[in-house]
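The sequence shown begins at 1 in UniProt numbering and counts up by one.
Just so you know, even glycine gets a beta-carbon here, dropped at the ideal spot from N, CA and C.
These notes are about the structure you will find just below.
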Amino acid sequence: MKSFFKEIHKTVAGRFFLSAIVFLLALTQSFGQAPKQKRMSKADSAAFKASIKIIHNVHSKRWGSMQLPGDSIVYSYFVGDVILRQDKSLFYADSAVLNSKTNMVEGFGHVMIDDKLNKTKIKADYLRYNAADQKAYLNGNVKLQDPTSTLTTPDLDYDMATRTGIYTKGGTLINGTSHLKSQGGIYYGQTHDATFTGKVHL
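Spelled out as structure tokens, the structure:
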């Protein structure tokens, strides 16, 4: 057991522990007779919005929870072929840590976001994801692929809600036989288009 916790500690040592809390909001009781065109109550709407922010552990070889010395926060950890799910999106990593206080998750090694709604996959070495606002930061050999193009960049900020990615440290967009390099740019996942900033080279 000690060696197992030592392995986990090495995996996340020296990093800020950002993770996602898995929480549930109770559905309130219904009021009155439903109208002919059924509408969701405010309470049910709030519960639904909360439910899509839940991070589920789909698969991992080992998992558990821990507290660091002098820290009141409980961390959930997952090791080995990790697959996490939020709504219809899947998150892959060699290991991951979820923080019950900050509502964030960190993924380490062979990271991938599978955004099934827009048929977009993003690979990287490291992931920091805020489950509450659905915003991700990916670092290290970032590669975004959709049905029409491939974007490579050192790091990327990706908004899962709007399907928008922003890079500022240089990137290359490949679309068919076209190769375009730019200092920065914005990728629009819903239309699979991009705009560019700074120096642009074809």
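- It is roughly 31 Å from the alpha-carbon of Gly-165 to the alpha-carbon of Ile-73.
- When beta bridges are read from the DSSP output, Ala-124 appears opposite Val-111.
- Closest option to Gln-86, judged by alpha-carbon separation, among Ala-136, Tyr-126, His-110 and Met-66: Ala-136.
- Around the beta carbon of Lys-199, a 10 Å sphere encloses fewer than 16 other beta carbons of the protein chains shown; the residue is thus reported as exposed.
- If you keep only unbroken beta strand (DSSP E) runs of at least 3 residues inside the stretch 164-199, you get 164-167, 171-175 and 178-188.
- Residue environment for Ser-178: exposed (fewer than 16 other C-beta atoms within 10 angstroms of its C-beta).
- The beta carbon of Ser-65 sits closer than 6 Å to those of Val-74 and Ser-76, all from its chain and outside the five residues before and after it, given in chain order.
- No Cβ-Cβ contact shorter than 8 Å links Met-104 with Ala-124.
- The C-beta distance from Gly-189 to Asn-118 rounds to 4 Å, short enough to fall under 8 Å.
- Lys-143 sits in a strand when the DSSP states are folded into three classes.
- For Lys-101, the three-state secondary structure derived from DSSP is coil.
- Comparing C-alpha distances from Lys-101 to each of Val-82, Asp-71 and Ile-83 shows the shortest one belongs to Asp-71.
- With distances taken between CA atoms, Pro-147 lies nearest to His-192 out of Met-160, His-192 and Leu-127.
- A distance below 6 Å between beta-carbons, with the five flanking residues on each side excluded, links Asp-114 to the following residues of its chain, in chain order: Leu-90 and Lys-121.
- In this model, Ser-182 and Tyr-167 are separated by some 10 Å (Cα to Cα).
- Scanning its chain for C-beta atoms nearer than 7 Å, with the 5 sequence neighbours on each side dropped, one finds around Ala-161 the residues Gln-134, in chain order.
- In the three-state reduction of the DSSP assignment, Leu-156 falls in the strand class.
- When DSSP states are grouped into helix, strand and coil, Leu-202 belongs to the coil group.
- Within the same chain, Phe-78 come within 6 Å of Trp-63 by CB-CB distance, once the 5 residues on both sides are set aside.
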